[in-house]
Structure formats: structure tokens, C-alpha cells
Amino acid sequence: MSYVLAAITQFTDGKKEVHIKARGRAISRAVDVAEIVRNRFVQDVKVKNIEIGTEERELEDGSKVNVSTIDIVLSK
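Just so you know, we're using my numbering here: the sequence shown kicks off at 355 and counts up by one.
Here you go:
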């Protein structure tokens with residue numbers, strides 16, 4: 355709920371766009387935050403853009419792993 359509150363605060367402070375970014379397992383939480391903000395709290399917010407991608411991360415043992423990313427842009 356704190357991410358939802360942070361997004362709502364940005365809009366009430368006069369921001370026209372809010373970016374919600376997440377990686378890996380947190381992607382579903384970012385989608386939930388965007389939908390809750392859009393459907394329950396700020397009615398005139400639209401999804402302006404969604405970007406998905408993959409980052410290559412290096413682990414401590416030197417191996418590399420791919421991590422999915424998402425950037426959701428909400429706009430008033």
C-alpha cells in the first residue's frame with residue numbers, strides 16, 4: 355500500500371506523470387500498484403506507456419543471470 359500512497363502523493367503534488375519501475379519478482383507488484391492507483395484512487399489517470407526489458411546481472415560467483423524489468427508510466 356505504501357507504493358500506492360507514494361504514487362497518489364506524486365499526482366496530488368502536481369506531477370503529470372509517475373513512473374512505476376520494477377525488476378524480477380516485483381513486476382507483479384508494480385502492475386498491481388498501477389491498477390490500484392488507476393481504478394480506485396485517481397480516476398483520470400491513464401497508462402501512457404509500458405516498457406519491458408531484460409537486464410543482465412552478474413552474481414557474486416561471476417555467473418550472469420537475466421532479470422526482467424518493467425517501467426509503467428501513468429499520466430493525468
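Every residue gets a Cβ at the ideal spot worked out from N, C-alpha and C, and that includes glycine.
Chain-order list of residues whose beta-carbon lies under 6 Å from that of residue i (same chain, five-residue window excluded)
i      : result
Arg392 : Val399
Gln364 : Val372
Ser417 : none
Pair within 7 Å by beta-carbon distance, residue i and residue j
i      : j      : result
Val421 : Glu409 : yes
Ala376 : Ile424 : yes
Phe395 : Ile374 : no
Expected contact under 8 Å - CB spacing of residue i and residue j to nearest Å
i      : j      : result
Val419 : Arg411 : 5 Å
Extent of the continuous beta strand (DSSP E) run through residue i
i      : result
Asp425 : 418-429
Val396 : Taken as a continuous stretch (DSSP letters only), Val396 belongs to no beta strand (DSSP E), as it is neither H nor E.
Lys375 : 371-377
Bounding residues of the alpha helix (DSSP H) (the contiguous stretch that carries residue i)
i      : result
Val385 : 381-390
Leu413 : Segment: none, Leu413 is in no alpha helix (DSSP H) and carries neither H nor E.
Beta-carbon contacts of residue i that lie in its chain and below 8 Å, excluding the five residues immediately before and after
i      : result
Arg383 : Tyr357, Ala376
Own chain partners of residue i with C-beta closer than 7 Å, once the 5 adjacent residues on each side are dropped
i      : result
Leu430 : Position check: residue 430 holds Lys in this sequence, whereas Leu was assumed. Closer than 7 Å at Cβ, skipping near neighbours: Phe365, Lys370, Asp398, Val399.
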